[in-house]
Amino acid sequence: MHAHDNKPGRPPEGSDEQYGAAAEVLGLLADPTRLHLLRLLTVEQDVSTLTAQVEASRSSVSQHLGRLRLAGLVTSRREGRRMLYRITSGHLTALVEEALGYAYHAVHDIPHHRPAPPPQAGGAG
Numbered sequence: 001m002h003a004h005d006n007k008p009g010r011p012p013e014g015s016d017e018q019y020g021a022a023a024e025v026l027g028l029l030a031d032p033t034r035l036h037l038l039r040l041l042t043v044e045q046d047v048s049t050l051t052a053q054v055e056a057s058r059s060s061v062s063q064h065l066g067r068l069r070l071a072g073l074v075t076s077r078r079e080g081r082r083m084l085y086r087i088t089s090g091h092l093t094a095l096v097e098e099a100l101g102y103a104y105h106a107v108h109d110i111p112h113h114r115p116a117p118p119p120q121a122g123g124a125g
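The opening residue of the sequence shown carries number 1 in UniProt numbering; numbering runs sequentially from there.
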């Protein structure tokens, strides 16, 4: 568990600043091309490699990567003449995977998973 994880069964507590930052990230994920790019960027890749894997032009991929980099969601480094990109956070990777899992259920009309109810207080006594 991470030091910032909440106790099981408790909703995460957040400040207005956290909610604002989360909304900004979710807004950036609201584009199918950016979502696809983030899923691919668990390993370093250049623009040409990414363009071959998504349904977008090289120019569009470059623009999306620029937005993601400026928002701090991907990092970039130069290797010779190529720029290599990679996702910045395991939290972001998990968020993308959860969003795609949710969408898979919705698209294929599969019932969504529901969290188990918290245990009842009391018991035999």
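For glycine and all other residues, C-beta sits at the position ideal for the given N, C-alpha and C.
Among the options, nearest to residue i - alpha-carbon criterion
i: Leu-68; options: Gly-101, Gly-20, Ala-99 and Leu-41; result: Leu-41
i: Ser-48; options: Tyr-85, Ala-99 and His-112; result: Tyr-85
i: Met-83; options: Ile-110, Glu-24 and Gly-66; result: Gly-66
i: Gly-90; options: Glu-24, Glu-79, Ala-23 and Val-43; result: Val-43
i: Ala-99; options: Asp-31, Thr-51, Ala-21 and Gln-120; result: Asp-31
Beta-carbon proximity check, residue i vs residue j, cutoff 7 Å
i: Met-93; j: Leu-73; result: Position check: residue 93 holds Thr in this sequence, whereas Met was assumed. Against a cut-off of 7 Å, the Cβ pair of Leu-73 and Thr-93 comes out as no contact.
i: Gly-33; j: Ala-56; result: Checking the sequence shown, residue 33 turns out to be Thr, not Gly. Cβ atoms of Thr-33 and Ala-56: closer than 7 Å.
i: Arg-38; j: Ala-71; result: Sequence check: residue 38 is Leu here, not Arg. No; because the gap between Cβ atoms is not below 7 Å, this pair is not in contact.
Status (buried if at least 16 other CB within 10 Å, exposed otherwise) for residue i
i: Gln-45; result: buried
i: His-64; result: buried
i: Met-1; result: Bear in mind that a pLDDT of 41 at Met-1, under 50, signals an unreliable position, so the model cannot answer this.
i: Ile-96; result: What sits at residue 96 in the sequence shown is Val, not Ile. Looking at its Cβ environment, which holds 16 or more other Cβ atoms inside 10 Å, Val-96 is buried.
i: His-36; result: buried
i: Ala-3; result: In this predicted model, Ala-3 has a pLDDT of only 46, less than 50, meaning its place in the structure is not dependable enough to derive any value.
Residue i - containing alpha helix (DSSP H), residue span
i: Leu-73; result: Run containing Leu-73: none; DSSP gives neither H nor E here.
i: Leu-92; result: 90-107
Assigned secondary structure, residue i (DSSP; H/G/I helix, E/B strand, else coil)
i: Asp-46; result: strand
i: Glu-79; result: strand
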